[in-house]
Ligand SMILES: Cc1cc2nc3c(=O)[nH]c(=O)nc-3n(C[C@H](O)[C@H](O)[C@H](O)COP(=O)(O)O)c2cc1C
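In my numbering, the protein residues as written are 12 to 174.
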């Protein structure tokens, strides 16, 4: 049996990514972990139209953004699915900082995202620099907030067929 972890970050008040992550984990019988920044984001921190908002400083300063808590049994998972909102066309820094902090050697890594309209682009390729060389980075996929359990199951079935 493939053991799967869904580790997600969700920032907006609507918690769109969280809703998809919960549906995904429930549908496929995976464990769920929320990536929470050590210093939580306020609404002002996320106002990306303000050049000096925290989100812009972190992005353009390429800053690490540590998260609280730890996945205790990370080594047990065969497949880790990262979920996040697309920020500036890719994964938020807190997600890359999170996955960098674990030994991903030999694991399969996949990702899903929600967005305000951006496509998934090179999200999967960009994650490669944050995981072990021996990790297998699978597809990244964009989901709408009302994605059905059936569509989520089909996506994961496809991931599990990749060796
Ligand atoms: C700092 C920041 C940057 C964002 N950058 C993008 C972007 O490049 N493209 C896009 O389509 N949406 C962008 N968004 C919108 C989010 O991806 C979208 O609202 C997402 O569904 C929110 O998910 P959440 O509720 O889980 O936080 C951005 C949002 C924030 C706060």
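Backbone N, C-alpha and C fix where the C-beta goes; we use that ideal spot for every residue, glycine too.
- Task: Check whether the Cβ of residue 26 lies closer than 7 Å to any heavy atom of ligand 1, and answer yes or no.
- Result: yes
- Message: Measuring straight from C-alpha to C-alpha, what distance separates residue 79 and residue 172?
- Response: 33 Å
- Task: Assuming residue 91 and residue 18 form a contact by the criterion Cβ under 8 Å, report the distance between their Cβ atoms to the nearest whole angstrom.
- Result: Their Cβ separation, rounded to whole angstroms, is 6 Å, which keeps residue 91 and residue 18 in contact under 8 Å.
- Query: In three-state terms, what does DSSP make of residue 78?
  - Reply: strand
- Element boundaries [alpha helix (DSSP H), containing residue 162]: 160-171
- Excluding sequence positions up to five away, which residues of its chain have a Cβ less than 8 Å from the Cβ of residue 68? 74
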